[in-house]
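Novice: Line by line, the protein sequences give chains A and B.
Quick note: the working numbering has the first sequence finishing at residue 455, numbered continuously throughout.
Quick note: the working numbering has the second sequence finishing at residue 498, numbered continuously throughout.
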Amino acid sequence: MRYLPHTDAEIDEMLQAVGASSLRDLFATIPENCCTLTHLDLPEPLTEWELDRHMGRLAASMAVSPGYKVFLGAGSYEHHIPAAAAYVLSRGEFVTAYTPYQPEVSQGTLQAIYEYQTLVTRLLGMDVANASMYDGASALAEALLMAVRMTRRKRVAVSAAVHPLYRKVVETYFRPTGYEVIELPIAEDGRTDLAGISGANELAAVAVQSPNFFGCVEDLHSAAAKVHQDEKTLFIAGFTEPLAYGLYKSPGSQGADISCGEGQSFGIPRSYGGPGLGMFAAKQECLRQMPGRLVGKTTDREGRRGFVLTLATREQHIRREKATSNICSNQGLCATAAAVYMAALGGTGIRQLARLNYDKSEYLKKSLVEAGVSIPFSAPTFNEFTADFGQGFDTIWKALLEKKIVAGFPLSRYYPEMAGRYLLCATETQSKEDIDALVKEVSA
Amino acid sequence: MNETVGTNGLIFNEPLLWEKGVSGRTGFSMPRRDVDNAPVDENLAGKGPDFPDLSEVDLVRHYVRLSQWNFSVDNGMYPLGSCTMKYNPKTNERQAALPGIAGAHPLLPESLSQGMLQLMHELSDDLCRITGLDAVSLQPAAGAHGELTGMLIIYAYHAAKGEKRSKILIPDTAHGTNPASASLCGFASIPLASNEQGMLDPAAVAELMDEDTAGIMVTNPNTLGLFEENITEVAKIVHDKGGLVYCDGANMNALMGVVNMKDSGVDVLHLNLHKTFSTPHGGGGPGAGPVCVTKALEPFLPVPRVTEENGRYAFSWDHPQSVGKLHAFWGNFGILVRAYSYIRSMGGENLKKASQLAVLNANYIKERLKGTYHLPYDRPCMHECVFTDKHQQAHKVSTLDIAKRLMEYGFHPPTVYFPLVVSGALMIEPTETECKADLDRFIEAMKAIDAEAKENPDLLHDAPKIPKVRRLDEVAAARKPCLRD
Numbered sequence: 012m013r014y015l016p017h018t019d020a021e022i023d024e025m026l027q028a029v030g031a032s033s034l035r036d037l038f039a040t041i042p043e044n045c046c047t048l049t050h051l052d053l054p055e056p057l058t059e060w061e062l063d064r065h066m067g068r069l070a071a072s073m074a075v076s077p078g079y080k081v082f083l084g085a086g087s088y089e090h091h092i093p094a095a096a097a098y099v100l101s102r103g104e105f106v107t108a109y110t111p112y113q114p115e116v117s118q119g120t121l122q123a124i125y126e127y128q129t130l131v132t133r134l135l136g137m138d139v140a141n142a143s144m145y146d147g148a149s150a151l152a153e154a155l156l157m158a159v160r161m162t163r164r165k166r167v168a169v170s171a172a173v174h175p176l177y178r179k180v181v182e183t184y185f186r187p188t189g190y191e192v193i194e195l196p197i198a199e200d201g202r203t204d205l206a207g208i209s210g211a212n213e214l215a216a217v218a219v220q221s222p223n224f225f226g227c228v229e230d231l232h233s234a235a236a237k238v239h240q241d242e243k244t245l246f247i248a249g250f251t252e253p254l255a256y257g258l259y260k261s262p263g264s265q266g267a268d269i270s271c272g273e274g275q276s277f278g279i280p281r282s283y284g285g286p287g288l289g290m291f292a293a294k295q296e297c298l299r300q301m302p303g304r305l306v307g308k309t310t311d312r313e314g315r316r317g318f319v320l321t322l323a324t325r326e327q328h329i330r331r332e333k334a335t336s337n338i339c340s341n342q343g344l345c346a347t348a349a350a351v352y353m354a355a356l357g358g359t360g361i362r363q364l365a366r367l368n369y370d371k372s373e374y375l376k377k378s379l380v381e382a383g384v385s386i387p388f389s390a391p392t393f394n395e396f397t398a399d400f401g402q403g404f405d406t407i408w409k410a411l412l413e414k415k416i417v418a419g420f421p422l423s424r425y426y427p428e429m430a431g432r433y434l435l436c437a438t439e440t441q442s443k444e445d446i447d448a449l450v451k452e453v454s455a
Numbered sequence: 014m015n016e017t018v019g020t021n022g023l024i025f026n027e028p029l030l031w032e033k034g035v036s037g038r039t040g041f042s043m044p045r046r047d048v049d050n051a052p053v054d055e056n057l058a059g060k061g062p063d064f065p066d067l068s069e070v071d072l073v074r075h076y077v078r079l080s081q082w083n084f085s086v087d088n089g090m091y092p093l094g095s096c097t098m099k100y101n102p103k104t105n106e107r108q109a110a111l112p113g114i115a116g117a118h119p120l121l122p123e124s125l126s127q128g129m130l131q132l133m134h135e136l137s138d139d140l141c142r143i144t145g146l147d148a149v150s151l152q153p154a155a156g157a158h159g160e161l162t163g164m165l166i167i168y169a170y171h172a173a174k175g176e177k178r179s180k181i182l183i184p185d186t187a188h189g190t191n192p193a194s195a196s197l198c199g200f201a202s203i204p205l206a207s208n209e210q211g212m213l214d215p216a217a218v219a220e221l222m223d224e225d226t227a228g229i230m231v232t233n234p235n236t237l238g239l240f241e242e243n244i245t246e247v248a249k250i251v252h253d254k255g256g257l258v259y260c261d262g263a264n265m266n267a268l269m270g271v272v273n274m275k276d277s278g279v280d281v282l283h284l285n286l287h288k289t290f291s292t293p294h295g296g297g298g299p300g301a302g303p304v305c306v307t308k309a310l311e312p313f314l315p316v317p318r319v320t321e322e323n324g325r326y327a328f329s330w331d332h333p334q335s336v337g338k339l340h341a342f343w344g345n346f347g348i349l350v351r352a353y354s355y356i357r358s359m360g361g362e363n364l365k366k367a368s369q370l371a372v373l374n375a376n377y378i379k380e381r382l383k384g385t386y387h388l389p390y391d392r393p394c395m396h397e398c399v400f401t402d403k404h405q406q407a408h409k410v411s412t413l414d415i416a417k418r419l420m421e422y423g424f425h426p427p428t429v430y431f432p433l434v435v436s437g438a439l440m441i442e443p444t445e446t447e448c449k450a451d452l453d454r455f456i457e458a459m460k461a462i463d464a465e466a467k468e469n470p471d472l473l474h475d476a477p478k479i480p481k482v483r484r485l486d487e488v489a490a491a492r493k494p495c496l497r498d
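1) Using a 10 Å radius around the Cβ and a threshold of 16 neighbouring Cβ atoms, would you call B/Glu-447 buried or exposed?
2) If the cut-off is 7 angstroms on Cβ atoms, which residues from the segment 276-290 of chain B count as contacting chain A, listed in chain order?
3) Can the beta-carbon of B/Lys-449 be found less than 8 angstroms from the beta-carbon of A/Met-12?
4) Counting Cβ pairs closer than 8 angstroms, one from the segment 124-143 of chain B and one from the segment 168-176 of chain B, do we hit at least three?
5) In three-state terms, what does DSSP make of B/Glu-321?
6) So does the segment 332-344 of chain B actually touch the segment 184-194 of chain B, counting three or more Cβ pairs closer than 8 angstroms?
7) So is A/Cys-271 in contact with chain B if we call contact Cβ pairs under 8 angstroms?
8) Just by C-beta distance, which residues in the segment 71-95 of chain B are closer than 9 angstroms to chain A?
9) Closer than 7 angstroms between beta carbons: that is the criterion. Which residues of the segment 341-372 of chain B meet it against chain A?
10) When DSSP labels each residue in this structure, what does B/Gly-238 get in the three-state scheme?
11) Along the chain, where does the alpha helix (DSSP H) that runs through B/Ala-371 open and close?
12) Tell me where the beta strand (DSSP E) around A/Lys-308 begins and ends.
13) Contact criterion: CB-CB distance below 8 angstroms. Does A/Lys-371 meet it with respect to chain B?
14) Per DSSP, which one or two residues make a beta bridge with A/Pro-421?
15) Mapping DSSP to helix, strand and coil, what is A/Ser-87?
16) Per DSSP, B/Asn-83 forms a beta bridge with which residues?
17) Excluding sequence positions up to five away, which residues of its chain have a Cβ less than 8 angstroms from the Cβ of B/Lys-13?
18) Near B/Ile-415, which residues of its chain fall below 6 angstroms by C-beta distance, leaving aside the five closest residues on each side in sequence?
19) If you measure between the beta carbons of B/Pro-65 and B/Gly-34, is that distance less than 8 angstroms?
20) Going by other Cβ atoms of all chains shown within 10 Å of its Cβ, with 16 needed for buried, is B/His-294 buried or exposed?
21) Are B/Ser-207 and B/Glu-160 touching if we call contact CB-CB under 8 angstroms?
22) Since A/Phe-318 is in the beta strand (DSSP E), which residue starts that stretch and which ends it?
23) Does the CB of A/Gln-122 have a neighbour CB from chain B at under 8 angstroms?
24) Going by beta-carbon coordinates alone, are B/Ser-291 and B/Asn-105 separated by less than 8 angstroms?
25) Short of 8 angstroms in beta carbon distance, which residues of its chain neighbour A/Leu-422, apart from the five on each side in sequence? Order them along the chain.
26) Since A/Phe-396 is in the beta strand (DSSP E), which residue starts that stretch and which ends it?
27) Which two residues bound the contiguous alpha helix (DSSP H) that contains A/Phe-277?
28) Measuring alpha carbon to alpha carbon, tell me which residue in B/Ile-24, B/Leu-67, B/Asn-21 is nearest B/Glu-32.
29) Using C-beta distances below 6 angstroms, list every residue in its chain close to A/Lys-294, excluding the 5 sequence neighbours before and after it, in chain order.
30) Is any beta-carbon of chain A found at less than 8 angstroms from that of B/Met-14?
31) From B/Met-14 to B/Met-395, what distance separates their C-alpha atoms?
32) Which term fits B/Leu-197, buried or exposed, when burial requires 16 or more other beta carbons within 10 angstroms of its beta carbon?
33) Output the distance between the C-alpha atoms of A/Gln-342 and A/Met-290, rounded to the nearest integer angstrom.
34) Which term fits A/Phe-393, buried or exposed, when burial requires 16 or more other beta carbons within 10 angstroms of its beta carbon?
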């Protein structure tokens with residue numbers, strides 16, 4: 012086996028050095044009643060070339076572009092990834108390094124993450140960002156738990172327009188804690204109805220997502236004002252599509268205390284849903300209660316600039332059960348990917364690309380309206396929106412799969428009352444031609 | 014040794030991105046605009062973020078230079094204890110990048126994602142066979158996330174019986190994340206001291222285990238690199254009081270094809286695919302931390318689960334006792350692909366051989382260095398061994414100095430000052446992918462450093478001199494945090 016370098020002669024020599032008679036003998040300290048696995052019953056090993064064929068077959072069953080036209084967003088977005096970004100991300104020095112515990116020989120990872128933290132704070136308009144969390148869902152759960160710690164209150168409110176799968180993760184994290192999660196309803200225009208929070212006192216946090224699951228951009232400014240009528244309550248602005256902040260005002264500039272969400276859009280392939288990137292940023296006063304790794308700037312013995320992991324006293328290996336989180340890693344390589352992608356776009360590029368996403372999806376929206384499809388929510392959107400094709404569209408949707416078109420995501424899967432409504436996404440990767448073809452099919 | 018492996022090489026300084034950018038450049042090929050501009054709501058529109066503008070050449074050089082400041086498994090031996098820094102096979106990366114895999118949307122209809130569902134189903138089955146346990150969830154995104162999932166399962170198991178237990182036993186030789194994971198489920202950690210041999214003591218467990226204790230979190234092999242020889246006895250004590258045994262399987266690389274974790278008494282186990290199953294660490298992630306359980310705990314696994322019927326694969330959501338969802342979608346899928354590729358490339362015999370050679374390598378280092386460095390537990394070890402700086406302390410040389418000097422010999426330092434039960438610990442895990450010649454070079458380097466400690470300790474105190482930077486002021490970094498520009 013090409014990953015196992017030992018020759019038989021070396022094994023013998025080494026066994027002799029350790030005073031063991033056989034490889035089996037090395038395990039003599041393990042009680043016999045534990046050693047009941049003498050043989051691993053797994054498929055025979057494949058050669059590198061057989062593996063290529065096998066994986067190629069599994070991959071071929073998947074509906075991906077360009078063979079399929081996939082108009083799905085809903086928390087995972089198709090964006091072009093520059094070859095240069097993919098190349099630098101494939102460097103073994105980034106890919107095969109561990110967490111930068113030894114800073115002298117990890118400056119590459121550390122500077123890249125420091126730059127990531129800086130770019131994220133600039134994107135979201137926040138004071139501090141951590142080195143990342145697992146994904147958008149766990150970032151939201153950790154943000155809500157942080158708010159509970161900071162306010163010493165036991166109740167949080169989460170919009171029903173937050174990604175339904177994220178809300179399931181929040182439920183999982185909260186169940187054993189005894190803290191309460193209140194769901195905020197959706198208003199007529201597709202935004203969150205915050206009227207209920209004034210009655211619900213003692214809220215640790217109010218969380219919305221913008222653009223929300225229906226694609227609608229929340230009015231963060233007035234939402235923040237409503238939430239802050241109670242001075243202690245923290246306002247969390249989540250997201251699944253950070254590219255929207257190339258076009259729309261940042262959460263920080265609109266009064267969010269914490270902004271967190273999924274960064275997959277930034278140069279990370281969809282990979283059937285993971286690995287993604289939990290972006291997490293907050294106001295300065297949250298720093299000591301923040302979960303996750305942080306990279307800080309310092310100097311070495313000769314006064315040169317360098318970077319280290321810092322504020323580890325918040326973390327599990329030092330504070331053990333009193334830690335701000337049990338998270339022990341970040342999504343290092345995904346955070347680096349996002350930084351590379353943000354740097355590739357630059358300030359000029361992100362504005363252009365965000366605008367192009369908006370215009371493509373507005374073109375799709377306009378074409379559907381012209382074809383007689385109703386758009387139920389009036390709030391502005393970014394690169395995805397909700398369309399109402401009416402009850403019975405299900406059969407057409409299924410028939411379109413045969414034609415290699417995935418015509419959006421059926422909202423009834425998570426919102427039973429929304430039968431006939433579909434979430435449609437068009438990014439820069441969809442051409443006008445693809446969009447026209449979709450419109451023709453769904454309005455036929 | 015006459016000369017160290019490390020040299021200064023060609024290391025370039027490189028500014029921060031925004032010190033390099035010039036407004037008006039671009040590193041991105043903007044897609045052609047084939048639709049008109051649509052009006053934007055003026056109240057919501059912003060100015061966009063203050064990002065630097067760089068060309069593609071700027072971008073590539075920036076990151077290539079940064080990459081050259083990193084030590085990695087691809088550069089050399091990385092004997093970081095408890096981290097299993099084995100070689101990361103390149104074909105795994107090729108498979109994960111296949112357009113059908115990398116480009117797949119997670120919410121595709123099941124009929125159009127059969128291949129990936131099949132992969133998840135088969136990988137779950139493989140992990141059951143490797144651990145001896147009955148069912149698996151692939152959803153946790155990291156080891157600590159797997160621990161949290163395991164704790165949630167234990168919490169849900171007791172809750173289903175109408176019980177709310179408040180404590181959990183955690184040995185002092187367990188991983189550092191364990192208490193934090195337990196406290197997220199409201200369990201108070203009860204520390205459990207190991208005995209003189211570095212082992213769990215059944216009598217100590219019996220004394221602390223009661224009907225308000227949810228179970229025990231064991232790391233096996235433990236962080237001293239020793240197999241917990243009393244594990245079945247400990248498990249029986251815990252089970253007799255209605256508790257469950259959680260095993261942190263981060264060190265599973267020692268045991269494949271040897272130990273049946275279920276037969277050893279374990280109820281819940283998490284694996285680190287980024288350790289045992291060769292997926293790269295990525296400078297801190299992404300990893301994956303699948304959780305394996307016994308039949309009795311299967312109803313509590315996260316949803317959705319992947320089922321198979323007549324060759325058709327599907328997600329199943331209807332598990333009312335499930336702890337719920339842990340990840341936005343189905344887990345760190347790209348990592349699962351890599352681990353699956355590794356298992357298919359290795360097969361059963363080679364996985365077993367990998368564990369045997371990992372243990373052989375660790376014992377070889379232990380035997381060859383034990384005259385030079387203090388070995389607090391002189392017993393046959395598993396995949397890693399723990400030394401201390403006790404002998405070198407006489408020359409005012411510490412574990413940290415030894416670690417920093419090793420860099421100049423071309424090795425990544427071992428894990429230092431962990432486990433906490435050993436003062437000045439140097440925890441060495443070579444893994445099976447290091448050949449004898451490299452182990453010999455490492456051993457010689459460690460011996461040379463010991464000689465230097467006696468003859469020229471300042472060489473160690475001043476180390477390292479050849480990397481991009483020298484020792485950094487971590488105190489200043491924490492006192493006045495600068496976390497962004």
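Think of the CB as a built atom: it goes at the ideal place given N, C-alpha and C, for glycine as much as any other residue.
As the structure is a prediction and not an experimental result, all values here were calculated from the model.
Specialist: Taking the definition as stated:
1) Under this definition B/Glu-447 is a buried residue.
2) Flagged, chain order: Asp-276, Ser-277.
3) No, Cβ-Cβ distance for B/Lys-449 and A/Met-12 is not below 8 angstroms.
4) These segments do not touch.
5) Here B/Glu-321 carries a strand assignment [DSSP, helix/strand/coil].
6) The segment 332-344 of chain B makes no contact with the segment 184-194 of chain B; the number of CB pairs closer than 8 angstroms stays below 3.
7) Interface with chain B (8 angstroms Cβ-Cβ cutoff): A/Cys-271 is excluded.
8) Answer in chain order: Asp-71, Leu-72, Val-73, His-75, Tyr-76, Val-77, Arg-78, Leu-79, Ser-80, Gln-81, Trp-82, Asn-83, Phe-84, Ser-85, Val-86, Asp-87, Asn-88, Tyr-91, Leu-93.
9) Of all residues in the segment 341-372 of chain B, Ala-341, Phe-342, Trp-343, Gly-344, Asn-345, Phe-346, Gly-347, Ile-348, Ser-354, Ile-356, Arg-357, Ser-358, Met-359, Gly-360, Gly-361, Asn-363, Leu-364, Lys-365, Lys-366, Ala-367, Gln-369, Leu-370, Val-372 have a Cβ within less than 7 angstroms of some Cβ in chain A.
10) Coil, per DSSP.
11) It spans 346-382 - the alpha helix (DSSP H) in which B/Ala-371 sits, taken as one unbroken run.
12) For A/Lys-308, the enclosing beta strand (DSSP E) starts and ends at 306-310.
13) Yes, A/Lys-371 counts as interfacial toward chain B.
14) According to DSSP, which records beta bridges pairwise, A/Pro-421 is partnered with A/Tyr-433.
15) Three-state DSSP puts A/Ser-87 in coil, outside helix and strand.
16) Paired residues: A/Ser-117.
17) Residue 13 of chain B is absent from the structure shown; chain B starts at 14 and stops at 498.
18) Correct list, in chain order: Ile-462.
19) Their beta carbons are under 8 angstroms apart, which means B/Pro-65 touches B/Gly-34 by this criterion.
20) So B/His-294 counts as buried.
21) No, these two residues do not count as a Cβ contact at 8 angstroms.
22) From DSSP, the beta strand (DSSP E) with A/Phe-318 extends over 316-320.
23) It does: the Cβ of A/Gln-122 has a partner Cβ on chain B nearer than 8 angstroms.
24) Yes, Cβ-Cβ distance for B/Ser-291 and B/Asn-105 is below 8 angstroms.
25) If the five residues before and after A/Leu-422 are omitted, its C-beta is found closer than 8 angstroms to the C-beta atoms of Phe-225, Thr-397, Met-429, Arg-432, Tyr-433, Leu-434, all from its own chain and listed in chain order.
26) Per DSSP, A/Phe-396 belongs to the beta strand (DSSP E) from 395-399.
27) In the DSSP assignment, A/Phe-277 falls outside any alpha helix (DSSP H), carrying neither H nor E.
28) Per the Cα distances, B/Leu-67.
29) Contacts found: Asp-138, Asp-268.
30) With a pLDDT of 48 at B/Met-14, under the threshold of 50, the modelled position of that residue is not reliable, and the figure given next carries that caveat. Chain A, which has no Cβ nearer than 8 angstroms to the Cβ of B/Met-14, makes this no.
31) Confidence in B/Met-14 is poor, its pLDDT being 48 and thus under 50, which makes the residue's placement unreliable; the coordinate value appears in the next sentence. If I take the Cα positions, the gap works out to 29 angstroms.
32) Buried, by the Cβ-count rule.
33) When only Cα atoms are considered, A/Gln-342 and A/Met-290 end up about 10 angstroms apart.
34) Here A/Phe-393 is buried, its C-beta having at least 16 other C-beta atoms within 10 Å.
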